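Number of protein chains: 2
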Amino acid sequence: MRFLTTKRLTWFLIIAGVYILYSVAFASGSGGAATDAEKAMEEPVLSVLLQLIVILLAAKLGGDLFERIKAPAVLGELVLGMVIGNLHLLGFDGFEPFKHNVTLEILAEIGVIILLFEVGLESTVKEMMKVGLASFMVATFGVVAPFFLGWGVSVLFLPEESIYVHIFIGATLTATSVGITARVLKDIGKVNTREAKIILGAAVIDDIMGLVILAVVTGVISAAAAGTGEGVSSGTVLWIIAKAVLFIFGAIAIGSFVLPAFFKFGFRLKVKGVLLSFSLLVCFLLAYLAGEVGLAPIVGAFAAGLILEEVWFKDYHSRGEQSIQDLISPIATFMVPIFFVRMGMLVDLTTFANLEILGFAALLTLAAIVGKQACSLAIFDKTTNRIAIGLGMIPRGEVGLIFAGIGAKLVLEGEAVINSSTYSAVVIMVIITTLVTPPLLIFSMLRKGNAQDKAEQVKEIPASGR
Amino acid sequence: MRFLTTKRLTWFLIIAGVYILYSVAFASGSGGAATDAEKAMEEPVLSVLLQLIVILLAAKLGGDLFERIKAPAVLGELVLGMVIGNLHLLGFDGFEPFKHNVTLEILAEIGVIILLFEVGLESTVKEMMKVGLASFMVATFGVVAPFFLGWGVSVLFLPEESIYVHIFIGATLTATSVGITARVLKDIGKVNTREAKIILGAAVIDDIMGLVILAVVTGVISAAAAGTGEGVSSGTVLWIIAKAVLFIFGAIAIGSFVLPAFFKFGFRLKVKGVLLSFSLLVCFLLAYLAGEVGLAPIVGAFAAGLILEEVWFKDYHSRGEQSIQDLISPIATFMVPIFFVRMGMLVDLTTFANLEILGFAALLTLAAIVGKQACSLAIFDKTTNRIAIGLGMIPRGEVGLIFAGIGAKLVLEGEAVINSSTYSAVVIMVIITTLVTPPLLIFSMLRKGNAQDKAEQVKEIPASGR
C-alpha cells in the first residue's frame, strides 16, 4: 500500500509539473498584448497563490514525514521550509522571491497571531492570574541568566570590544519567542496544563522586560556614542514600562467589561458570521494595539484569546452556531503553517559554513539554552514539571533578530555595535533554539506525570478539525 | 431593547476610540529608540491589521443595516465601503492608505477566489455539462449585444473619434464579473438552481470570449497605430482560444482523474488538516493556472470547486472530519467581505460630479444593462427564469476596468484610445452595474416559482456557519 501511495504521488507530481510547465510556456509564449497586460494586473496575486500552493504542500508533507519518525509536525514544517529556502545553493532559485514577498510575510504574521489567539482561547484571565507570580518569577530568572551568560560569552570571544557590545549581545538573548512553544503545546494537547500557562504568562512578561532592556541599552549606547554620558532617563524607561503594563491590564479590564456588551450587540445583528468576525476583530485589535505600544502583536492576540470567554456566547450557540475555537480552527489550519514554513525558508544554511562564526554561535546558543534553564529554579511547586518550563522558554525568534538588527544600525567609535559575524551568530542561535525546542519539550511534557497533568487540565469545548 | 443596544455600541465605540487614540499618542509620543525601531519592523503587519479591523466591522454593520431594510448584505458591504473610501471628501483621510495597500488587495483577491471555490463546490462537473449549451448561448448573446450597444453609444457621444475607439468601448462592456452574482446567489441559497448554473457557466465562457476580443481589438489598434495594417494574426487568436479552452477541459479531465488519488494519498498522511489544506491547494493551483493562461483567477477557483466531489472524501468524513464546505466556510466569512468592502472603497464619488461625463456614463451603463438582457433571449426552456439570467449577467468588474486600463495605454494618432473621461464613465458603469444587480436579482429569484426551483435543487451537505 505504501509503495502504491508513493507511486501515485510521483505520478501526480509529474503530471502537475508538466501541466504547470506547459501553462507557463503557453502564457509566456505568444500571449499577445491582452495576456501580457492582464498578467501584469494579476501578477501580485498570482505569485502569492503560487507561494501558498508550495507552502500548503510543504507543510503537510513535512508534517507527515516528521510525525512518522515520531517528531513534531511543526519541526517538519520548519525543516521542509529550510530545504525550500536553500535550494538556491543547488542552483534552483525559483523559490527566492518567496523570502522577500511582503504579503507572504504579513500572512505569516497573521498566522502566528491566529495561533496565539487560539492558544489564548483555551485559558481564561482568571486561570492566568493564578500562575501570575510564578510566571513573573520565571520571566525574571529567564531574562537575567541569559543576559549575563551572553555577556560572558561576548567577553570571552570578543575581548577587544567595548562593554556596550557585551551588554547588547546579552540583551539579544533575553526575550522568549513563544510561537513555537505554543504550537507544540497545542499539537500535543497540553495548552491547559499549569506548565503551559506559566510559560505563556512568562513569555508575555519577558517581552515587556526585553522591551525595557532594549530601550535602556540603546539609550546608554547612543549617549556613549554622542559622548554626552547622559544615557536614557529613568522617566523614559518608566514610560515604556507603564504603557506596556497599562496595555495588558487595560485590555483585560476594559475587555472584560465592554466585550460582553459588544457581543450581545453583535448577537442582534441580522447578518451571518458575526461571532467569528467579531472575535477576529477583537484579536486583531489587541494585536494592533500591542504593536502600537511596542510589544509583539502576538502578545495582544494572546491577551484577546484570554479575555474572550465562551460563556458570553451561549446565545450564539443556542441558535446552533459553532464555538469560536471550531470557527477559528480552519483559519488556523490554513494560515499557521505559513509562519513556520516561511521561518524555515529564511534560514540561510551558508551561515553554518563559517567555522569562526560557528564557534561563537555555538557558545551563544549554549548560553541561550542554559540561561533559560534558570527558569526552572523559579518554580518551588513540586507538582509542576519545572524542566518543561525551562525547555519551553528556550526559543528565541523575531525579538532577538530585531534586537540584533537595531544593534547593527547603532554605531560606536565608527563601528557597528553588532557586526555582520555577530549578527550571523545571533541568527544561528535563533535557528538552533527553534529547532531543539519541539523534541525536548514534547519529551519532557509527555514523559512526566500524565496523571497530574490530567488533574489540572480544565475541561473546555474541544477544538476540532486541525 | 433596541435603544439599549445602540447606547451600548456608542459606549463601546467611545471607549475604543479613546483607547486607540491614547495608545497611538503613547506610541508616537516618547517611545524612544526601541519602540520606534520595533515599530518600523512591524509596521506593515500593523497597518494591515488596522485595515482588517475596520473592514470586519464595516462588513457586519453594513450587512446588518441593509438586511434590516430587506436589502442584501453584500450591498451593505459595498455601500459602507463607499462611505469609508470617500470620507476624505469630508476632510478625514485616515482611510486613504487602505486603497493602495498591496497586501489588502491580495487578501481581497484571495477572498473572491475562496467565494467562487465555495460556489463551485455546490455543483459538479456533470451538472454544469448539462447546462453547457445554454451557458454558451447565454454567453454569446451577452457578449454580442453589449458590444454593439456600447459601440453605438460611443458613436453617439464621441462622433469625432475613430472607429477603433468605438470598438474598444464596446469591448469593455462584454465580460461579466461573476463575483457579486455568486455572492448573492449564495446568500439567498440559490446556487443549486438551474439559473445559477447557467449564469456561472456563461460567466466562465464570456471571460474566455472577452479575452479573445481584447486580443483582437488591441492587435488591430496596435497595427493601425503602427500603420502596418496587418492586425493580429488568426494564429494568435486561435492560440489564445486554444489555451483557455485547454485549461478548462484539461483541468476537468486531469483533475477528475488525478485528484481522487491525490486525496487518497493525503488520507494516509499522519498529520492534521490535510483535507482543508489539500482542497485549498487545488483551489489556489487552478486559480493560479487560470491566471497564467490569461483568464481571471476566479474562473480557475470555480473550476476547482466543480471538480472536487464530496464522495472522494468519505474516508475523511468516516473518521469524523467535517465536509470541505464546513471547513471553507469560516475562511470565507473572514476573507470574502474584504473583497466587497474594498471594492466599495475604490468607488470615487467625485466621478459622479462631472455632468458631462455623467451623461455618457449613464448611456454606457444602460447599454451594459440592456445588452445583457439579450441573454434571456438565448433561453428557450420555459421553466427557466430567463429574466434572472439576464439580471445575473449584469455586473461588470475588474475585467472591464482592465480593458479600459489597457485602452488608456494604447495610443492612436497621439491620443489615448480611452481618455480620462471615458475611463471615468467606464468606472461609473462598473459601479452602477454592481450596485443594481443584488436587489434586482434577489427580487427576480425569490419572486418566481419557488416550487420549481426546489424541484431542481440538488441535495448536498448544507454549508453551515456563515
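Here the protein sequences come in this chain order: Y and C. Positions 1 to 466 (our numbering) are the ones given, in order, by the first sequence. Positions 1001 to 1466 (our numbering) are the ones given, in order, by the second sequence. Just so it is clear, CB atoms sit at the ideal spot from N, CA and C, and this is done for glycine as well. Please read all numbers here as calculations on a predicted model, not as lab measurements.
Open item on the list: Under 8 Å, Cβ to Cβ, is there at least one residue of chain C near Arg-183 (chain Y)?
Closed with: Among the residues facing chain C, Arg-183 (chain Y) is not included, as its CB has no counterpart in that chain under 8 Å away.
Open item on the list: Please confirm whether Gly-1342 (chain C) has its beta-carbon closer than 8 Å to some beta-carbon of chain Y.
Closed with: Sequence inspection shows Arg at residue 1342 (chain C); the Gly mentioned does not correspond to that position. Interface annotation, Arg-1342 (chain C): not in contact with chain Y, CB-CB separation never under 8 Å.
TODO: At 7 Å on the CB atoms, spell out the chain C contacts of Val-274 (chain Y), in chain order.
DONE: In chain order, Lys-1060 make up the part of chain C whose C-beta sits under 7 Å from the C-beta of Val-274 (chain Y).
Open item on the list: Contact criterion: CB-CB distance below 8 Å. Does Pro-297 (chain Y) meet it with respect to chain C?
Closed with: It does: the Cβ of Pro-297 (chain Y) has a partner Cβ on chain C nearer than 8 Å.
TODO: Determine contact between the region 98 to 113 of chain Y and the region 333 to 345 of chain Y, defined as no fewer than three beta-carbon pairs at a distance below 8 Å.
DONE: The region 98 to 113 of chain Y, when compared against the region 333 to 345 of chain Y, does touch it at the 8 Å Cβ threshold.
Task: Met-209 (chain Y), enclosing alpha helix (DSSP H) - first and last residue - done: From DSSP, the alpha helix (DSSP H) with Met-209 (chain Y) extends over 194 to 226.
Task: CA-to-CA distance, Lys-197 (chain Y) to Met-128 (chain Y), given in whole angstroms - done: When only Cα atoms are considered, Met-128 (chain Y) and Lys-197 (chain Y) end up about 6 Å apart.
Open item on the list: Taking the alpha carbon of Lys-1264 (chain C) as the reference point, which residue from C:Thr-1236, C:Glu-1310, C:Ala-1303, C:Leu-1211 has its own alpha carbon closest?
Closed with: The alpha carbon of Lys-1264 (chain C) has as its nearest neighbour, out of C:Thr-1236, C:Glu-1310, C:Ala-1303, C:Leu-1211, the alpha carbon of C:Glu-1310.
Task: N- and C-terminal bounds of the alpha helix (DSSP H) containing Thr-433 (chain Y) - done: It spans 420 to 447 - the alpha helix (DSSP H) in which Thr-433 (chain Y) sits, taken as one unbroken run.
Open item on the list: What would DSSP say about Ala-1388 (chain C), mapped onto helix, strand or coil?
Closed with: Correct three-state label for Ala-1388 (chain C): helix.
Task: Helix, strand or coil at Ala-416 (chain Y) according to DSSP, with G and I counted as helix - done: In this structure, Ala-416 (chain Y) counts as strand in the three-state DSSP scheme.
Open item on the list: What ranges does the alpha helix (DSSP H) occupy inside the region 346 to 385 of chain Y, keeping only unbroken runs of at least 4 residues that lie completely in it?
Closed with: Scanning the region 346 to 385 of chain Y from its first residue to its last, the whole alpha helix (DSSP H) runs of 4-plus residues come out as 355 to 372.
Task: C-beta atoms of Thr-1422 (chain C) and Ile-1167 (chain C) nearer than 8 Å - done: Against a cut-off of 8 Å, the Cβ pair of Ile-1167 (chain C) and Thr-1422 (chain C) comes out as no contact.
TODO: Please go through the same chain and pick out, in chain order, the residues whose beta-carbon is closer than 6 Å to the beta-carbon of Val-204 (chain Y), but skip the five residues on each side of it.
DONE: Taking Val-204 (chain Y) as the centre and dropping the five residues before and after it, the same chain places the C-beta of Val-299 closer than 6 Å to its C-beta, in chain order.
Open item on the list: With a threshold of 8 Å between beta carbons, is Met-1041 (chain C) in contact with chain Y?
Closed with: Model confidence at Met-1041 (chain C) stands at a pLDDT of 47, short of 50, so the residue's coordinates are unreliable; what they give is reported in the following sentence. Yes - at least one Cβ of chain Y is within 8 Å of the one on Met-1041 (chain C).
- [ ] Would you list, in sequence order, the uninterrupted alpha helix (DSSP H) runs of no fewer than 4 residues that lie entirely inside the region 1278 to 1355 of chain C?
- [x] Counting only unbroken stretches of 4 or more residues, the alpha helix (DSSP H) elements lying wholly within the region 1278 to 1355 of chain C are 1297 to 1307, 1314 to 1318, 1324 to 1345, in sequence order.
Open item on the list: Once DSSP output is grouped into helix, strand and coil, what is the label at Val-245 (chain Y)?
Closed with: Here Val-245 (chain Y) sits in helix by DSSP.
Task: Members of the region 60 to 86 of chain Y that neighbour chain C once the beta carbon cut-off is set at 7 Å - done: For the region 60 to 86 of chain Y, which is checked against every Cβ of chain C, the residues closer than 7 Å are Lys-60, Gly-63, Asp-64, Glu-67, Arg-68, Ala-73.
Open item on the list: My output table needs one value for Val-271 (chain Y): the three-state DSSP class, helix, strand or coil.
Closed with: DSSP places Val-271 (chain Y) in the coil class of the three-state scheme, outside both helix and strand.
TODO: Please determine, among C:Val-1045, C:Met-1137, C:Leu-1285, the residue with the shortest C-alpha to C-alpha distance to Leu-1377 (chain C).
DONE: Checking every option, the nearest Cα to that of Leu-1377 (chain C) belongs to C:Met-1137.
Open item on the list: Looking at Leu-52 (chain Y): is its Cβ nearer than 8 Å to the Cβ of Phe-1284 (chain C)?
Closed with: A Cβ-Cβ contact shorter than 8 Å links Leu-52 (chain Y) with Phe-1284 (chain C).
TODO: Give the DSSP-derived three-state secondary structure of Lys-39 (chain Y) in the structure shown.
DONE: Residue placement at Lys-39 (chain Y) is poorly supported in this model, since its pLDDT is 44, which falls under 50; the coordinates are not used for a value here.
- [ ] Identify the contact partners of Val-271 (chain Y) in chain C, using a Cβ-Cβ distance below 7 Å as the criterion.
- [x] Under the 7 Å cutoff, chain C gives Lys-1060, Gly-1063, Asp-1064, Glu-1067, Ala-1073.
Open item on the list: Tell me which residue opens and which closes the alpha helix (DSSP H) that Phe-92 (chain Y) is part of.
Closed with: That residue, Phe-92 (chain Y), is in no alpha helix (DSSP H); it is neither H nor E in DSSP.
- [ ] Measure the CB-CB distance between Gly-1305 (chain C) and Leu-1185 (chain C) and report whether it falls below 8 Å.
- [x] No, the Cβ-Cβ distance between Gly-1305 (chain C) and Leu-1185 (chain C) is not below 8 Å.
Task: Supposed contact pair Phe-302 (chain Y) and Leu-200 (chain Y) - C-beta distance, whole angstroms, cut 8 Å - done: In this structure, Leu-200 (chain Y) and Phe-302 (chain Y) form a Cβ contact; the two beta carbons are roughly 7 Å apart against a cut-off of 8 Å.
Task: At least three beta-carbon pairs within less than 8 Å, the region 355 to 366 of chain Y to the region 404 to 415 of chain Y - done: The region 355 to 366 of chain Y is not in contact with the region 404 to 415 of chain Y.
Task: Chain-ordered neighbours of Ser-1318 (chain C) on chain Y, where CB pairs are closer than 9 Å - done: Per Cβ cutoff of 9 Å: no residues; Ser-1318 (chain C) is ~15 Å from chain Y at best.
- [ ] Could you run through the region 284 to 308 of chain Y and flag, in chain order, every residue whose CB is less than 7 Å away from some CB of chain C?
- [x] Under the 7 Å Cβ criterion, the region 284 to 308 of chain Y contributes Phe-284, Leu-285, Ala-287, Tyr-288, Leu-289, Gly-291, Glu-292, Val-293, Gly-294, Pro-297.
- [ ] Look at the Cβ atom of Tyr-473 (chain Y), then the Cβ atom of Leu-1050 (chain C), and state whether they are nearer than 8 Å.
- [x] Because chain Y is modelled from 1 through 466, residue 473 (chain Y) falls outside the range shown and cannot be assessed.
- [ ] Note down, in chain order, every chain C residue with its Cβ under 7 Å from the Cβ of Thr-103 (chain Y).
- [x] Here the neighbours are Val-1102, Thr-1103, Ile-1106.
Task: Rounded C-alpha distance that separates Ala-1073 (chain C) from Asp-1187 (chain C) - done: Here the alpha carbons of Asp-1187 (chain C) and Ala-1073 (chain C) stand approximately 8 Å from one another.
Task: Bridge partner(s) assigned by DSSP for Val-1411 (chain C) - done: DSSP, once it has assigned bridges, lists C:Ala-1416 as partnering Val-1411 (chain C).
- [ ] Would you check if there are 3 or more beta carbon pairs closer than 8 Å linking the region 1353 to 1363 of chain C to the region 1382 to 1389 of chain C?
- [x] Judged by Cβ distances under 8 Å, the region 1353 to 1363 of chain C makes no contact with the region 1382 to 1389 of chain C, as fewer than three pairs qualify.
TODO: Please compile the residues from chain C whose C-beta is within a distance smaller than 9 Å of the C-beta of Pro-330 (chain Y).
DONE: Per Cβ cutoff of 9 Å: Gly-1273, Leu-1276, Gln-1322, Asp-1326, Leu-1327, Ile-1328, Ser-1329, Pro-1330, Ile-1331.
- [ ] Report yes or no: is there a C-beta of chain C within less than 8 Å of the C-beta of Phe-334 (chain Y)?
- [x] Chain C places a beta carbon closer than 8 Å to that of Phe-334 (chain Y), counting this residue as a contact.
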